[in-house]
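Here the structure is laid out as structure tokens; the discussion comes afterwards.
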Amino acid sequence: MPLSDKDAVKAIRARFEPLGRTAFSLVYAEKGNAESVLKAEGFWIDGEVYDKPAFAKDTSNHLKREAMVYDTLGPHPHITACLGLELLPGTNEAWALRLERSPWGDLRTYIMNHSAPDICDRLKVAVDFASAVQYLHDRGVIWGDLSTRNALVFDHLHVKLCDFAGSSLPNVYPHTYFSYEPRYWPPMPVAEAPADGTVELELFALGTAICEITQWAVPYGRPGEVDDEAVQRKLARGEYPRVSDDNPARDIIWKLWHFNYRSAQDAANDLKAIFHNLTSCRPTSLKEGHEDSQVSLTRLTKAIILYNAFAN
1 MPLSDKDAVK
11 AIRARFEPLG
21 RTAFSLVYAE
31 KGNAESVLKA
41 EGFWIDGEVY
51 DKPAFAKDTS
61 NHLKREAMVY
71 DTLGPHPHIT
81 ACLGLELLPG
91 TNEAWALRLE
101 RSPWGDLRTY
111 IMNHSAPDIC
121 DRLKVAVDFA
131 SAVQYLHDRG
141 VIWGDLSTRN
151 ALVFDHLHVK
161 LCDFAGSSLP
171 NVYPHTYFSY
181 EPRYWPPMPV
191 AEAPADGTVE
201 LELFALGTAI
211 CEITQWAVPY
221 GRPGEVDDEA
231 VQRKLARGEY
241 PRVSDDNPAR
251 DIIWKLWHFN
261 YRSAQDAAND
271 LKAIFHNLTS
281 CRPTSLKEGH
291 EDSQVSLTRL
301 TKAIILYNAF
311 AN
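In full-length UniProt numbering, the protein residues as written are 1 to 312.
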């Protein structure tokens, strides 16, 4: 028998830690589980779903689609680990996707809540982000919702891409399901911009992500201070996000915005060159990410163990 609203609220507070919410899904963790999270259509308690988002529908198929993208991508140091689908007992219907948990949350929120790190650290994050986007494209996946909102932060500013619910997958899901947030749109008429689901449009969005990371500022202004309608007015006027004159990645950002790159890897290589040419960055090696990868593998192993404990 379903719980009353009052009892459901009590049960949710007792059992879960809410972490994120969209119009389509919730992300939350079981209390005491620091290693994994659930992405679901609502809070599931004893076979009943509560606090379902307004536009959540056909959830099982959407979760299976995202799980298939994760499966296609496989393990990668800069892709969030998918620990599997959660199925309703005795059925093949998915009610949640279990994912590796980030200790620091998403990159957008991290940028808003933390002072800017050294430019070398920001460039390293930009290199990792761009290289991971190339990894997606090498496997035929168009992310479709590229944004710092959909990258998670781990220790030592190690980032991992996530949220592939609307990504395209060759021969299975040929079209992207969602579009980029307005802050990542080209400031030009739709007829003049590349089509949704193309590498060209994804590379434009990558330029905005690199801008956000290296500027350490949300494009067009922080959410809450500048809403989507205000952003769209700026886009209609042909305004681009602000890039300071002393930003070492400035030329790379503008080349991406003007569709002058053929791949994310080309942009990543140019970012690496800037990193190595900056005297202040020379004591730091981009190879340090391999240590973070080992940390990530250890974290993933713990997550799998804990997942099995919860599953049993």
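Cβ atoms here follow ideal geometry from the backbone N, Cα and C, with glycine treated the same way.
| Asked | Found |
| --- | --- |
| Beta-carbon gap between GLU212 and THR148 smaller than 8 Å | yes |
| With 16 other Cβ atoms within 10 Å as the buried cut-off, status of LEU88 | exposed |
| For LEU278, three-class secondary structure by DSSP | coil |
| Residue of LYS255, PHE129, THR176, ARG98 minimising C-alpha distance to VAL243 | LYS255 |
| CA-to-CA distance, LEU85 to LEU203, given in whole angstroms | 30 Å |
| Beta-carbon proximity check, ALA96 vs TRP44, cutoff 8 Å | yes |
| Length of the line joining the Cα atoms of ALA249 and ASP128 | 14 Å |
| Per-residue DSSP class, three states only, for ALA303 | Any reading at ALA303 must be qualified, since the residue scores a pLDDT of 48, below 50, and its modelled position is unreliable; the value itself is stated next. Note: ALA303 maps to helix in three-state DSSP. |
| Pick from LEU146, ASP227, VAL153 that is closest to LEU201, judged by C-alpha positions | LEU146 |
| DSSP three-state assignment for ARG13, whether helix, strand or coil | helix |
| Beta-carbon proximity check, LEU99 vs LYS31, cutoff 8 Å | no |
| Contact belief for ALA195 with LEU161 at Cβ below 8 Å, rounded distance in angstroms | That pair is no contact at about 22 Å. |
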